[in-house]
Every structure is written in C-alpha cells, then in structure tokens.
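Below is one structure, written out as structure tokens; the observations come after it.
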Amino acid sequence: MGVNSKELGCVSPSWNSSFEGILYWKQKVDSRLKRGCIFSEHWCRLKGNILILCRSPDRTSNEVSGVVLLERFTVSRTRDEEISYSFRLDFDSGDKPLVFVARSEDEAEKWCHHLNKAQLAPRLRRFTLLRDEIRRITGSDPLEAGFSSNSVTPPTIVEEGSLNDEGLEVMLKCLNIGDMAHPNELPNTCLFVSVSTSVKSNWTPVGATEIIESALIGETITTIKVLLDSSSLLFPLRDDCSPIPVKYEGLETTFPSIVVQSRKQKPLDPTAAKVDANMLSLRSVCDNLLSKRYKFQDSMGETMHIIEFMGESKLCYAFPIEYLKTLIQSEYLIYDSLSRTGSSKPIIESLRKERMISMKQTLEQYEANLRNLVDYTVISIQALQHIRIDLLFINYVFKKNCLICKKNFTDAVGPLFKSSNERANPRYDFVPTNLHVNQIALTDVDGQVVYNVSHEKNNIKTVSSHNIISVGAFSLASRRYKSGGLFRMAFDAMITPTRTYPPSELSYLNLSSESPVASATCLLNTKPIGKAMDLLYRGTHSIALLRSDLAGLIQRLNAPGQAEPLAQRLEKTVSSIQWIFSDKLLSNLNVLPVVSCDFEVIITLLTQLSSVEIMKSTNSQPSQPNDHVIIINKKKNESRENLIDSLDKAGQKFSITLERMWESAASVLWDNVLSGLSDLSNQQTLSVSKESSGNYSDLIAEAERSAYPNMLPINDNVLTAVSIIQDSFNYRHHACVCQLLTAVLTALSVHIPRWDRKDWEQAAVCGVLAQFEGLLSCYGDEQGMIEDWAWAIDYLLTYRVTLRPSGNFSDSVIDTSGRNSENTDSNVPTSNLSDTEEFHVDFKVTRLNECELTVPWKSWVHAPSEIQARGRVRIRLHPVSFVVGINELQSVAETLDKTAVQNAVNNHGLTSLRAYFNRYTKHFGAPGRTVSNQDVWDLLTDITHHLSTPVRSKPVEVLQLASEITQAFHGLRITTCKSAKDRTAMSVTLEQIQWLKSEGMHESCFTKALQCIRSTGLRLDNVMKNTGKRKYAFNRLQLLSFPRLYKPPMGTYSTNVSS
C-alpha cells in the first residue's frame, strides 16, 4: 500500500489521536563499526488502524520515520529481564516483528490495549458470523431489510400499462395514422388498449399511447401483458371498433379478444380532452421529457400509482449565451474606459498597461466561448427544424393493414445538455454539466396527475409532486485546480492574512473584504477597490446609453409625441450618473452641479417642446377662420423647429461636458482600483503556500499556476502576475456563477407554477430559499470543486430576479422555445389564457447580477394584488449549501483529517439556514411542520448536533434534514456531484422514495422501492445519455465506502464506465 509519509507527517499533529506517546523502537545495526541492536526514541501517534513513528521524540514533530498498518497482527508482552516494559507486534503475513519499549509498565499496558482495539479484521469476522447466523435463523439478510410477499405487495414498474401477472408481452408500434385526421390538420392520435381474458371478466384498460406534441409524431410504443402463454401474436388493424381475432401459436385455451380503438383530437381544441397542466408546466422548461410509471403499496394496503419525469432544461445553452453577451458588453466598456485613462505614477501606469493586455486576452476567451455556444445552438435548432419540416410531408398511411414503424425521430434531435464527457471542454466553460429536471408525482388509476387544493376559497390547485434539479458541480474543470478553487484563490490573494485556511465558515463576503482580487471581481461595496469597480461598471453603462440617446436626439424628436418619453428616459439615465458622481470616492471632483445645470436646460426645452405639441394637437380641430388657423400652426411649427435646434445645441454641449467630467471621474476610480491591486504586488509574496503544489511563496508562482493556456509569458514581472491572477479569478468566477444561475433559474421556472398567495408573499419578503446538496469529497481535485461550488452559491446572495407575467415583456426578451413572437395571436387577451395553454419560459439578462423572468399568467393571478398592480416583483435568492462526501476519497480525507473545507461549508450553510428561519418567523410566524411531522427548529437542532465537533464520518443525515426543512419552506432543491450522474442518482432516488414515504407509501416498501427506481428508473437513462451504457460508474472500493442508503443495487454498476 502506497503511503505519502510527508503528508501524513504534516496532518498528524492536528489529529485527534486515539493514543500517543514516546516509544523506543528496537532496530538491528549491521555495519563495520557496530553490530547489534539499538533503541531509538520516537513520538508515536495512533489514529484508527495507523501507527505513525515520528523521527524525533518531540510532541510537535511532523517528520515521519515509519508508518505501521495495524491489520492481521497480534500484540504480546515480551519477558526479557534485560529490557523492561517491552512488547512486540507479530504479523500474520510473515513480516518481520516489531519490538517497542514503553517508559513504564502502565504505558506498556495502555499501548497493548489500544493497539489490540485498532485492527478491523476481528470486527469484520464477527460481523460476518453474526450476519450468517441471522440469515440462517430468519431466512433473510439483515442488511437487505425486506418484507414477506404474503403481507405486502412488492413494488413494480409499470411499462406503459403492464400487469403484475406473468404472460406474453405485446408491443404495439403506433405509426402511419396521419390520414385519419383532416388533410389540413396535424393528427394528435391516442390508442387505447383493452384486454379481456374470459367471457365473464370485464374489459380492463391496460395501456395508452402518449403523443403530446402533434408535430413530433414518431414511433410510439406501448407494452401490455396479456394473460396468455403464446409465444407470438399478430393482429390486423381495422377502422371500426369490432373485436379482432388473434392469430397465435401453441395456444389451446379460448381465444381472447383485443380491441384497438382510435380517436382523433385537434390540438388546443376546447371540445377535446383537457391536456395535463402539469405536463405542460414541465414542457415549458424542459426538452426531451422522459417518463416512467410505477406501482407501490401504500400504508392502507392499496396501490399507489407513481410517475417519474426527467427532462433537459431549455435554459442550458440559452442563458449562458445571453450572460456572455452582457458580460462581453460590460467588459468592453471597462476596457475602453481603462484605455482612456493614465497615471503619473510609474507603478500604476505600468499596471494599467498590463491590465489592458490581460483584459484583451480574457475578452477574446469570452468571445470564443460565445461563438462556440452559438454554433452549437444553431446546429441543434437547424436539426430540430429539419426534422419537423420532414414530418409535415410524411404520409401516414396504412400499409397491408399492419402497424409499420418508419423512423425513430427522437434520436435524431440530439442532446440539449452538456454531457459529463464534455465537463472539462473549454468550449463550454459557462454551461452547467448534465443539467436535468427530476420530478416524481402521484397519479390516479387512469394515469392523471393528482392535484391538491391548498386554498378552497381561491381553488388553488398544486400538483402532488416533488422536484429536484440535478447538475454537475459549478466549477471550471477545464483549467484544473493547481491554485485550488475560488475560495482558496481569494484567500491566497489576501494582503495581510490574519488566519489559517480554511476559516470556521467559508463566506465570500469575509474573504472578499480582505482580498483585493476578489473585491474587484465581486464589486464589493464595503471596500474602495470593489466600490470603484462597481461605479465603473454602472458609469460606463449609463454613459453609453446617454451617449446613444443624445446622438439620436434630433431623429427621435422629428416624430411628434416623443418629447415626454425621451425626457423620462434621460432623467432615469442621468439620475444614475448623478448618483455615481455623488459617491464619496468622487467627492473631491465637485462635478455634480455642472452636470445638473446643463441637464436642467435639456429638460426645460423638452418640457416646452411637449407643451407645444400638446397645444398643436388640441387646436387640430379649427374653430376660427381657416386663415387664422394656418397662421397659428405656422408659428407653432416655427417654435417647434427652434426648440429642436436649441435642444440639438444643448445636447451637444451636455455630451461634451459629461464626457469630460466622466473621464475625470473614471481616472479617480481607476486610480483606486489599480492602487488596490498594486498593494498586492508590493507584498511580493502570497499569504500561504500550497500543500499540493510545493512551496510557492511569490506572486509569480501563483500566476503560473492560475494562468490559462495561450496567455502571454510572465517573464518574472510581478505586475504581470497580478494582472493574470485578477483575470484568472474573474474568468473562473463568471463561469461558475453562470452555471449556477442557469440551474437556479431552471429550478425557479419549474417551481413558480406551484405558488399560491402565501408563497408569493414569502418570496417578496423573505426571498426564495435555494438549498444545494453536494456529494463531493475533500480530497484531490474535488476539494477545488467544492471551493468553486460553494463560492458561486454564496455569491447568489447578491443576485436579484424580477418576475413578470407572460405577455407583458419587451421585445428584447429571449424566447427559449425558438418560435417567432410575431406569429402569436395578439387578439387573445393575456388575462384569459387557458390553463392548458403551453407556456414558454422567457428571460432577459439586464445586468450581471440581475435578470428578468416570465411566469405563467395562471400563476401570476395568485400573487397579492399590490404585486399584480406593479406588474412585476423583484425577489432575492437565499442560498444554503451543505456538502458531504460519500465516496472512497472522502474516506481517505477523513483518515487524514482533511475535512476542514467540508466543515466550513456546512457551518456557513447552517448559519444561513438559521438566518432564513429567523426572517421567516419574524414576518409569518412559525413555519408549518415538515413532511415527517416535525418542527423545523427541532430539525435545525439536529443538524447542529451532527455538525458539532467531533463530526462523525460522512454525516449524510445533514443532507436529509436540510432537504426536509427546504420542503417545509417550499424552497428549491438542487443536488450536485462531479458530473451529476452516479452519486447524484443515488441521492435523487433516495430523496424521491423518502418523499413517497411521506405521501403514504408503506414503510416495508422503502428498500424494495429504492432498488426498483434505481435499477429501472430514469436515472439509468441519464447515465445512458452521458456514457452510452446503462450502468453506474462505481468500483468495489467505492461501494465499500458508500453509506448504506447510497449503495446501488447489484448489477446496476460497472467499473468500465467513464465517470
């Protein structure tokens, strides 16, 4: 077994050792000068089944002389009269015995006692014997807690209407039925299959095809089980509903009869059957939606009907594209502002030039990412449109009275998500990995989703379902983790570090306030460098808008009625500029009076122009003689032209004045920014060295680790190193935040249709609780992923989302459906949209920390009247994160006592969850009881207990308790691991079965249902979509290290699948 003795020596002094002290180690000496045995003195530490012998007897020694793995050995006292207090270790493998000497008889006895308890092999043998004995007595394995099939019906998976009885499987392929519809209409056909096994029994519906979208009628398959023993069935299809004789082989019983009925439906026809609103709600957010049905037994002995959905988010590529567009526009304005400034200080001027070179390279990276995403999206949309066009011209005809399968169109569309194989592809740095929506819901016997009426007075119906968003870790895998994640990079770029890493709580606010690099990237207003960067972003954006408005002032005013709207627009823009000029950083410039004076002239002229236009419109109906009216109108036209000429001159003057004033202000702001960064360069050394990358003690080494490919060489220039560190941190920050926002907006879009009035009030007052569950380990690269992941989540506190109802949005909004908004019927009232009308998620990125999102009208009408009157509501997101590693790397981290990052993230998550609880109780009182009928405060106390020192191994109960609290607050649930494929599948399925248990599933069904959904559910389809194999990527070592509830069923995993 390979052991990193140097790393063990570094971490062992901080161990909570089970026993430690001084021992004398007997060693043979065979040299020319001396032969025999000597006893060397060592400080020894015992932790678990590892004994470390330090090189010196010093208690704080971190140099290791030897490491002993205490397995399959015996310890015994030696009876040597010359050597007292000695004992020896004899190994079953035949290795050379080890002889140690203690300093006293009492210490020797204690060492023997603790060493005997250290080995795990006797416990495992006793465990195996007890397990075999229990299996012999009870007939069942105690670790596979099941139930007798006589008392409880085992859970089953329903494959499109299958029965529990064994029999023949008949597969119906429904295609080529388009000519049954009107020639000018697209068919939307359903086939219902009924089965009767005898004359006395009734017809029982057992299956139905599901064609949701008329334009994508492809191969539709339904499987039924008929109570037959025949090996094959072949039946013709008739237009009428008469019984169809069955041709069979090897059947001697009475002929059964199977009826295939068909009916035509026109999409969105008021007389047609009502479309499932829950399906439409998911389809508005998801593409390539998959479903699976199950039957489990509830606590009343009846059958629960369950349906599972999984779909790819439509925002997966659409949001990163818009985010990158906004980011590139903002960065170009900042770059232009920096190029216009200068400084008389040599260091500041040199750093400014270095920043321009580095910023230009980063802008090229952003543009390359945007081009790659647009190219991928265009190719996908063209393929989808090509398939839909082909479908319109395919003739669905009956051939030889048999059902014929033409083509499987679903496979040709291609994935609309970033697969796990592309996780480290730099072309898709801003796209979240394997983003999917997972929903499990209750249905009735007919397969319709069950609704719960939450408020009978308002008749508000909510789907009895549970949503989980699964996504890969928000991290930048393409640039590796030589410098760690964002938290570590921010900590290493601190000016004067006053603590060790990691602190007790990982909060981006605390670290950003001490790191100029992080302050500048996060626009932290509490620090001069962050405040200056925030003002620069706001100012350059406002100046660009105002420059555009003033440049087209005359063209806008040529059309009548534009004076007042233009005045309002200018007032809004100039007010933001005046707010910037009034900041304390710019108080010495005293430019606000000059800007306000020149702007008042423009507003006065626009007001006069508006009054002239109003008077002209009121006198358009002449009451005086015609000649007099002509003269008045002529004077008014001359007055309007004079006002426009005056406005042109005033606008040019104001533009020149404003440009001059802003250049002065930008120079002061850039001086603050560059001075803050130069403080880091003056330090010349970093705060701490990297444990995993050697002893790097200067900025140049840090820049070399964090630099991305194709960057210019550093050439031992400290200012270049500072600039590269700033841009590397900036790029990683925006990539991780973009991935996070895509997942959060997806979760919000799925969750909002379920809101009632109380949920709207809670979102407006307290914000929306978003709970993130991480399954990453604290060892190797995954620790860097945790640092990226936790940073992006904590930064979500600064983000704001403006919710607006559908149909009340500007033309610049992005429509994720790919449809042209001009084709919609404008005569349909927005308030009268049908509940069954399909809704398409629209969004608009207004700023890097703010966006607008549309919500369905049927959900908007449940908002309070004051929110509806404003037409929008601006909400904040309250993130809470908990991470618990469950794989073998976490076991290594726990053995080496390297779980400090996990503990810091969880401590901050608990603090954040308590803050949301306090805010909620302050406005709404105590929250409702959880799904397990417990009080939220009691669950918070349980989490505190699990996270209190010493933290036990892999406390996965924290994740389950946090999820239960989130459900009580109607929050968002997002689960992540490295690729959201294998470990995430175990967590998602566990949470889904726990939700079913809270909905009334029989307790004895828990284990069987968990195995059923993991071995046949849609999470295996997710693995198939990512790797091409229906196997989880687990090895034997991982299976041994997983907690019991996170272990996959036998036969569902393989070591030959990429992770």
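Every letter in the sequence shown is one number past the one before it in UniProt numbering, and letter 654, counting from 1, is 654. By construction, the Cβ of each residue, glycine as well, lies at the ideal position given by its N, Cα and C atoms.
Using DSSP with H/G/I as helix, E/B as strand and the rest coil, what is residue i?
i            : result
Thr-976      : strand
Trp-662      : helix
Leu-775      : coil
Cys-597      : helix
Asp-842      : strand
Cys-112      : helix
Ser-1041     : helix
His-862      : coil
Leu-290      : strand
Glu-107      : helix
Asp-90       : strand
Thr-74       : strand
Thr-989      : helix
Cys-766      : coil
Val-99       : strand
Tyr-24       : strand
Ser-40       : strand
Asn-903      : helix
Ile-714      : coil
Pro-142      : coil
Pro-805      : strand
Met-1001     : strand
Tyr-1032     : strand
Gln-967      : helix
Leu-877      : strand
Ser-1054     : strand
residue 1066 : A question about residue 1066 goes unanswered here, because the residues of the chain that appear run from 1 up to 1059.
Ala-707      : coil
Anyone know if the C-beta pair for residue i and residue j falls short of 7 Å?
i       : j       : result
Ser-330 : Leu-435 : no
Ser-420 : Asn-906 : no
Val-67  : Ser-5   : yes
Ala-490 : Leu-511 : yes
Leu-796 : Val-855 : no
Val-931 : Gln-771 : no
Ala-893 : Ser-777 : yes
Ala-477 : Arg-538 : no
Ala-520 : Leu-333 : no
If you drop the 5 nearest sequence neighbours on each side, which residues of the same chain put their C-beta closer than 6 Å to that of residue i?
i       : result
Asp-598 : Phe-654, Thr-657
Arg-77  : Phe-87
Asp-141 : Arg-135
His-970 : Asp-759
Gly-485 : Gly-784, Glu-787, Asp-788
Between residue i and the ligand MG, is the CB less than 6 Å from at least one heavy atom?
i       : result
Gly-342 : Judged by which ligands are present, the structure shown has none, so any question about the ligand MG falls away.
Quick one: residues in its chain with C-beta nearer than 7 Å to the C-beta of residue i, no 5 flanking neighbours on either side, listed in chain order?
i       : result
Ile-886 : Leu-775, Lys-954, Val-956, Arg-983, Phe-1042, Pro-1043, Tyr-1046
Ala-743 : Pro-432, Leu-435, Ile-469, Val-471, Ile-974
Gly-651 : Leu-550, Leu-553, Ile-602
Ile-943 : Leu-910, Val-958, Leu-961, Ala-962
Asn-49  : Leu-69, Leu-70, Glu-71, Ala-118, Gln-119, Leu-120
Ala-904 : Pro-502, Pro-503, Ser-504, Glu-505, Leu-506
Hey, residue i and residue j are a contact pair by Cβ (cut 8 Å); roughly how many whole angstroms apart?
i       : j       : result
Ala-563 : Ile-603 : The pair is not a contact, with the Cβ atoms about 10 Å apart (cut-off 8 Å).
Leu-592 : Ser-582 : 6 Å
Val-936 : Leu-315 : Contact flag wrong, Cβ pair sits at about 31 Å.
Ile-440 : Leu-557 : 59 Å between Cβ atoms; not a contact.
With a threshold of 8 Å on Cβ separation, who are the neighbours of residue i within its own chain once the five nearest residues in sequence on each side are excluded?
i       : result
Asn-525 : Lys-531, Asp-534
Lys-457 : Residue confidence is low: Lys-457 scores 40 on pLDDT, short of 50, so the model does not pin down where it sits. Its coordinate-derived value is still stated next. Within the same chain, Lys-457 has no close Cβ partners at all.
Leu-589 : Phe-581, Met-661, Ser-664, Ala-665, Val-668
Taking 8 Å as the cut-off, does the segment 890-897 touch the segment 1045-1052 (at least 3 CB pairs, one atom from each stretch)? no
Can you find at least 3 beta carbon pairs, one from the segment 1014-1026 and one from the segment 977-985, that sit closer than 8 Å? Remark: three or more beta-carbon pairs, one from each stretch, lie closer than 8 Å, so the segment 1014-1026 and the segment 977-985 are flagged as touching.
Under 8 Å: do the segment 751-768 and the segment 713-730 share three or more Cβ pairs, one atom per stretch? no
Is the segment 343-361 touching the segment 660-678 in the sense that three or more CB pairs, one from each, lie closer than 8 Å? yes
Counting Cβ pairs closer than 8 Å, one from the segment 934-947 and one from the segment 783-793, do we hit at least three? No contact exists between the segment 934-947 and the segment 783-793.
Specify whether the segment 6-25 and the segment 95-112 touch according to this definition: at least 3 beta carbon pairs, one from each stretch, less than 8 Å apart. yes
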